[in-house]
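Visitor: One structure coming up, written as structure tokens, with questions to follow.
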Amino acid sequence: MKYAPVIGLEIHVQLKTKTKMFCSCATHNTAVSPNANVCPICLGNPGVLPVTNEQAVRYGILMGLALNCEIAEHSKFDRKNYFYPDLPKGYQISQFDLPIAINGHLDIDVPGGLREIAHIGITRAHLEEDAAKNVHAENGKTYVDFNRGGTPLIEIVTEPDFKSPLEAKTFLQELRLIARYLGVSDADMEKGHLRCDANISLRPAGDDGVPLSPTLYPKTEVKNINSFRHVERALEHEIQRQTKLWEAGTPPMVSTTRGWNDAKQMTEDQRTKEGAADYRYFPEPDIPALELKDLADEMRGLLPELPAKRRTRFVQEYALKPSDARQICEDPALADFTEHVFSELGEWLENVPKMEDEEGNLVGKEQARLAKLVSGWLLSKLGGLLIQRGIDVRTMKISPENFAEFITLLASNKLNNAGGLKVLDKMLDDGSDPSHIMEDAQLGQMDDAGALAEIVDRVVESHPAELARYRAGEEQLLKFFIGMVMKESEGTADPGLSKNMIKVKLNQENTAE
Ligand SMILES: [Zn+2]
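Just so we're aligned, residue 51 is where the sequence shown starts under this note's numbering, counting upward by one.
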């Protein structure tokens, strides 16, 4: 018997507002010491009145729109009652029956997955305030840091549509990227900006992995997952654990809560908060209901291009390989930079003569060649130099205009790879333009055929032994001669031209004898 996993996610994303959800305290990201960013409202003193942070509502709507949700015209806040030290009011302000967003979906590409595209339903997304943080000290005491208490969160609940741990991980990574594109959160999982609980159950399936019936079985909720890798591991571990239970004839009969223990690489049974099943939600009487129709229309107009669309456009418009487009779009700043570079190169392409045949094929070819140059130099060479220097594309001194010019120098063979690396390094030093660097340092590719011919003659004549072996049939020695010519020219020779000239030279010698 096979078993098919049914997985759903509940994700909390911390919204990057300047102030908290219902008071004017700064969010804890800026706090220098515990309990610095607090006031009577977020400490839950009696008699205070919370006021909704409009920016948090705007961010929440943006997130809902990006997840293809319907935005509620009418929404409200509710009190979710439970007793815990991290919750000074004895209740959390959340949303119960009228969340700001419902009925959405996100389609994700899953490279290497069971299915290429996973369609994931979004049940709902609602706004709420974060709880404070319990700090368990070495002296055995527990302290409460209220800096985090009251920070705005959006909770996103998916349908149980994931068919594998890989799909769940990929979805979370895409969600992080969307949050960054929208500018609503840094969504850094390690820093707790993005937190995830995963629900998983199994059900009997046929040999093809398709479930035998639509029945769902009691699920396990896995908590405390704080990295993308852990999400995948925890779910894989649960599949193994639950498969054993099914095979032993004792499948889970009730829903349970477990935590991921990364040190042991396993999930562990977790006692749930007492009485957590009954939160006795009731409407928050101190906060006016939200009428969102106008705001939703306004935010719809402000929705930026999202990563999936941008990746597709980069492939179609700039002829980038899908894997390169994916890598570039992982960083919104790098994607913006690339966009600038291509717009500069577009003008250059139009001004390069004799590139178009009757069917326009050459332009296409030239564009693909340029795309390859841009992605190669951007991702591996520039990327490597940036890592070495500990900076990134936001802080580097190279402008898109100068990088585009640099690419045209490579594309027109005025600069070869060896010279290119030196020029790029210098560009990073002081932001100067590549043509000047090239002229100053004489890094340009040798375009004087006469000078190159002299070097070729000299190299061939000073290596009679290799020449003899070549003539005797060791044709791979051609590479040796090319290497020697590149060395003699200090890397400025055009490798293609050198190869042709060396071949001619070697063959001439042959004929002469
Ligand atoms: Zn406060």
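Even for Gly, the Cβ is constructed at its ideal location relative to N, Cα and C.
Whose CA, out of Met551, Glu355 and Ala54, lies closest to the CA of Ala501?
Guide: What you label residue 501 is simply residue 451 of the sequence shown in a count that begins at 1. It is Met551.
Visitor: With distances taken from CA atoms, which of Tyr109, Asp159 and Gly94 is nearest Gly586?
Guide: An answer regarding residue 586 cannot be provided, because it is not within the stretch 51 to 563 covered by the chain.
Visitor: Taking only three categories from DSSP, how would you classify Lys441?
Guide: For the purposes of this step, residue 441 is taken as residue 391 along the sequence shown, with counting starting at 1. Here residue 441 turns out to be Ile, not Lys, going by the sequence shown. Here Ile441 sits in coil by DSSP.
Visitor: Is there at least one non-hydrogen atom of ligand 1 closer than 7 Å to the beta-carbon of Asn70?
Guide: For the purposes of this step, residue 70 is taken as the residue at position 20 of the sequence shown. The question names Asn, yet the displayed sequence has Lys at residue 70. True, at least one ligand heavy atom lies under 7 Å from that Cβ.
Visitor: Using a Cβ-Cβ cut-off of 7 Å (strictly less than) and excluding sequence neighbours within five positions of Arg450, which residues of its own chain qualify?
Guide: Locating residue 450 in the sequence shown gives position 400, counting from the first residue. The sequence given here places Pro at residue 450; Arg does not occur at that position. Counting only Cβ-Cβ distances below 7 Å, and skipping sequence neighbours, we find Phe387, His390, Val391 and Glu394.
Visitor: For His280, tell me which candidate among Gln492, Pro149 and Pro215 has the shortest Cα-Cα distance.
Guide: Counted from its first residue, the sequence shown places residue 280 at position 230. Nearest option by C-alpha distance: Pro215.
Visitor: So is His243 buried or exposed if we call it buried at 16+ other beta carbons inside 10 Å?
Guide: Reading the sequence shown from its first residue, position 193 is the one you call residue 243. The residue is buried, with at least 16 neighbouring Cβ atoms inside 10 Å.
Visitor: Which of helix, strand or coil does DSSP assign to Tyr267?
Guide: Position 217 of the sequence shown, counted from the first residue, corresponds to residue 267. It is coil, neither helix nor strand.
Visitor: Write down every uninterrupted run of the alpha helix (DSSP H) in the region 498 to 536 whose length is 4 residues or greater and which is fully enclosed by it, in chain order.
Guide: Correct list: 499 to 511 and 514 to 521.
Visitor: Cutting at 7 Å between CB atoms, please list the residues of its own chain near Asn153, excluding the five before and the five after it.
Guide: Start at 1 with the first residue of the sequence shown, and residue 153 comes out as number 103. Cβ neighbours of Asn153 beyond the five flanking positions: Cys119 and Glu120.
Visitor: State the CB to CB distance for the pair Phe196 and Cys92, rounded to an integer number of angstroms; the pair is presumed to be in contact (CB under 8 Å).
Guide: Residue numbering aside, residue 196 sits at position 146 when the sequence shown is read from its first letter. Residue numbering aside, residue 92 sits at position 42 when the sequence shown is read from its first letter. At roughly 6 Å, the Cβ-Cβ gap stays under 8 Å, so Phe196 and Cys92 are in contact.
Visitor: Going by Cα to Cα distance, which pick from Pro90, Thr293 and Gly110 is closest to Leu340?
Guide: Mapped onto the sequence shown, residue 340 falls at position 290. For Leu340, the nearest C-alpha among the options comes from Gly110.
Visitor: Exposed or buried, which one is Pro292 when buried takes at least 16 other CB atoms within 10 Å?
Guide: For the purposes of this step, residue 292 is identified with residue 242 of the sequence shown, where counting begins at 1. Checking the sequence shown, residue 292 turns out to be Gln, not Pro. So Gln292 ends up on the buried side.
Visitor: Give me the Cβ distance between Arg245 and Ala237, rounded to the nearest whole Å; I'm assuming they're in contact under 8 Å.
Guide: In the sequence shown, the residue the question calls residue 245 occupies position 195. In the sequence shown, the residue the question calls residue 237 occupies position 187. Not a contact, Cβ separation roughly 10 Å.
Visitor: For a minimum of 4 consecutive residues, which ranges assigned as the alpha helix (DSSP H) are wholly contained in the region 352 to 431?
Guide: Here the runs fully enclosed are 357 to 368, 372 to 379, 382 to 401 and 411 to 425.
Visitor: How long is the line joining the alpha carbons of Lys241 and Phe278, rounded to whole angstroms?
Guide: Indexing the sequence shown from 1 puts residue 241 at position 191. Indexing the sequence shown from 1 puts residue 278 at position 228. So the two alpha carbons sit approximately 12 Å from each other.
Visitor: If I measure Cβ to Cβ from Val473 and keep anything under 7 Å in the same chain, skipping five residues before and after, which residues do I get?
Guide: The count along the sequence shown starts at 1 and reaches residue 473 at position 423. Cβ within range, chain order: Phe456, Leu465, Pro484, Ile487, Met488 and Leu493.
Visitor: First and last residue of the alpha helix (DSSP H) that includes Ile143?
Guide: Position 93 of the sequence shown, counted from the first residue, corresponds to residue 143. Looking at the DSSP string, Ile143 is not in any alpha helix (DSSP H); the run it does join, the beta strand (DSSP E), is Tyr141 to Ser144.
Visitor: Tell me which residues share the same chain as Asn85 and place their Cβ nearer than 7 Å to its Cβ, disregarding the 5 neighbours each side in the sequence.
Guide: Stepping through the sequence shown from its first residue, residue 85 is reached at position 35. Asp195, Phe196 and Asn197, listed in sequence order.
Visitor: Where does the unbroken beta strand (DSSP E) through Asp159 begin, and where does it stop?
Guide: On the sequence shown, position 109 is the one that residue 159 refers to. Taken as a continuous stretch (DSSP letters only), the beta strand (DSSP E) holding Asp159 covers Ala151 to Asp159.
Visitor: Report yes if the C-beta distance between Asp211 and Gly256 is below 8 Å; otherwise report no.
Guide: For the purposes of this step, residue 211 is taken as the residue at position 161 of the sequence shown. For the purposes of this step, residue 256 is taken as the residue at position 206 of the sequence shown. No. Outside cutoff.
Visitor: Excluding the 5 residues flanking Val365 on each side, which residues of the same chain have their C-beta closer than 7 Å to its C-beta?
Guide: Against the sequence shown, residue 365 aligns to sequence position 315. Contacts found: Pro372 and Ala375.
Visitor: Please state if the CB of Val443 and the CB of Leu384 are separated by a distance shorter than 8 Å.
Guide: If you number the sequence shown from 1, residue 384 lands on position 334. If you number the sequence shown from 1, residue 443 lands on position 393. For Leu384 and Val443, yes; Cβs fall inside 8 Å.
Visitor: Any heavy atom of ligand 1 closer than 7 Å to the Cβ of Val88?
Guide: Your numbering for residue 88 matches position 38 in the sequence shown. Yes - ligand 1 has a heavy atom lying nearer than 7 Å to the Cβ of Val88.
Visitor: Are there any heavy atoms of ligand 1 lying less than 7 Å away from the beta-carbon of Cys119, as far as the coordinates show?
Guide: Here residue 119 is taken as the residue at index 69 of the sequence shown, counted from 1. Cys119 Cβ: outside cutoff for every heavy atom of ligand 1.
Visitor: Are the CB atoms of Ile143 and Ser125 nearer to each other than 8 Å?
Guide: As a position in the sequence shown, residue 143 is number 93, starting the count at 1. As a position in the sequence shown, residue 125 is number 75, starting the count at 1. Going by C-beta atoms, Ile143 is not nearer than 8 Å to Ser125.
Visitor: Helix, strand or coil: which one does DSSP assign to Ile167?
Guide: On the sequence shown, residue 167 is found 117 positions in, with the first residue counted as 1. Here Ile167 sits in strand by DSSP.
Visitor: Quick one: Cα of Tyr53 to Cα of Pro254, how far?
Guide: Start at 1 with the first residue of the sequence shown, and residue 53 comes out as number 3. Start at 1 with the first residue of the sequence shown, and residue 254 comes out as number 204. Roughly 4 Å separates the two Cα atoms.
Visitor: Please state whether DSSP places Lys472 in a helix, a strand or coil.
Guide: In the sequence shown, residue 472 corresponds to position 422, counting from 1. Of the three classes helix, strand and coil, the one that applies to Lys472 here is helix, per DSSP.
Visitor: From what residue to what residue does the beta strand (DSSP E) around Gly541 run?
Guide: Taking the sequence shown and counting its residues from 1, one reaches residue 541 at position 491. Taken as a continuous stretch (DSSP letters only), Gly541 belongs to no beta strand (DSSP E), as it is neither H nor E.
Visitor: What residues in its chain sit with their C-beta under 7 Å from that of Gln320, if we drop five residues either side in the sequence?
Guide: By one-based count along the sequence shown, residue 320 stands at place 270. Cβ neighbours of Gln320 beyond the five flanking positions: Lys273, Thr307, Arg308 and Gly309.
Visitor: Going by the C-beta, is Gly200 closer than 7 Å to any heavy atom of ligand 1?
Guide: Taking the first residue of the sequence shown as position 1, residue 200 is located at position 150. Checking the Cβ of Gly200 against ligand 1 gives yes.
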